[in-house]
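Student:
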Amino acid sequence: MALGLGICGLALGTSQALRALRGGAGEYFEVRAYGLAHGNARGLKGSWTWARIATITVPARSGAAGAYAHRFGNDYRCVLGLTGGGRVRIDGLAAGASALGNAVIDHRPDARMLDPEAWTRRAGGRLLLGAALCVGGVLAMVRYISDHPDGERVTVDASGHTAHEFVRGADDTTIMLLGLGIAACGLGAAILLGLFVHGRFRRP
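Position 155, counted from 1, in the sequence shown is what my numbering calls 186; the numbers after and before it change by one each time, with no gaps.
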């Protein structure tokens, strides 16, 4: 469990580090007359006219975001799809992120609004199938461990001497890997089932 939590923390830290490196020190967005500008302390990194913004993806939020979500910039995320390919991501780490997203919507009222969670409704059956496979994987690994318990082997040689030998059912490395697999499959089943329930009962 400690190793699993460490891996999750490493993944989260790596994601945050990559976002910080991508944005650079002093990252900012500006709304200008012609469109949107993006830069940092080193200068302007890019700009996009309003006409280039084809789609706007803003998740629906209900209730106040938690302190950790706000600290990591996950309390708000707006993704702008550009004509000809490419995307611009604005998250809660940007100053005035929600006001910035609203300004883009005001300047591009004819852009197509997308729901980032619509795929959970379309993939309902596949999510359930994935959750069932994860549960099956947990059961298979638990059964393997139970079918390979530690035991004692008794042998009798030709002269009638009896020997008792301790036999390991599975070595420590196998048990550790199976434990990680059980934790990963259990977490995967919970996430997939949660996504299914969320997509099933959330109104578009």
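Cβ coordinates follow ideal geometry from the N, Cα and C atoms, glycine included.
Nothing here was measured: the structure is a model prediction, and the numbers come from that model.
1) With a threshold of 16 other CB atoms inside 10 Å of the CB of arginine 63, please say whether the residue is buried or exposed.
2) For tryptophan 79, collect the residues of the same chain with a Cβ closer than 7 Å to its Cβ; drop the 5 residues on either side in sequence, then sort them by chain order.
3) Only counting the same chain, and skipping five residues up and downstream in sequence, which positions put a Cβ closer than 7 Å to that of aspartate 203?
4) Nearest-angstrom Cα distance between valine 135 and cysteine 39?
5) Based on Cα-Cα distance, which residue from Glu58, Trp81, Arg231 lies nearest to leucine 159?
6) Buried or exposed: where does serine 73 fall if 16 or more other Cβ atoms within 10 Å of its Cβ makes it buried?
7) For a test of the three-state rule: what should DSSP assign to aspartate 122, helix, strand or coil?
8) Thinking C-beta only, is asparagine 71 closer than 7 Å to glutamate 58?
9) By the 10 Å Cβ neighbour count, where 16 or more other Cβ atoms means buried, how is valine 89 classified, buried or exposed?
10) Do the segment 218-231 and the segment 159-170 make contact, defined as three or more Cβ pairs closer than 8 Å?
Tutor: Looking at the coordinates:
1) In the sequence shown, the residue the question calls residue 63 occupies position 32. It is exposed - the Cβ of arginine 63 has fewer than 16 other Cβ atoms within 10 Å.
2) Taking the sequence shown and counting its residues from 1, one reaches residue 79 at position 48. These residues qualify, in order along the chain: Gly66, Leu67, Leu113, Val119.
3) Along the sequence shown, one-based indexing puts residue 203 at 172. Cβ within range, chain order: n/a, list empty.
4) Within the sequence shown, residue 135 is the residue found at index 104, counting from 1. Within the sequence shown, residue 39 is the residue found at index 8, counting from 1. So the alpha carbons of these two residues sit roughly 34 Å apart.
5) Here residue 159 refers to the residue found at position 128 when the sequence shown is read from its first residue. Selected option, being the one with the closest Cα: Arg231.
6) Here residue 73 refers to the residue found at position 42 when the sequence shown is read from its first residue. Inspection of the sequence shows that residue 73 is occupied by arginine rather than by serine. Counting Cβ neighbours within 10 Å, arginine 73 comes out exposed, since fewer than 16 surround it.
7) In the sequence shown, residue 122 corresponds to position 91, counting from 1. Strand.
8) By one-based count along the sequence shown, residue 58 stands at place 27. By one-based count along the sequence shown, residue 71 stands at place 40. Less than 7 Å divides the Cβ of glutamate 58 from the Cβ of asparagine 71.
9) In the sequence shown, the residue the question calls residue 89 occupies position 58. Within a 10 Å sphere around the beta-carbon of valine 89 sit 16 or more other beta-carbons, which makes this residue buried.
10) As far as the Cβ criterion goes, the segment 218-231 touches the segment 159-170, which means the pair count is three or higher.
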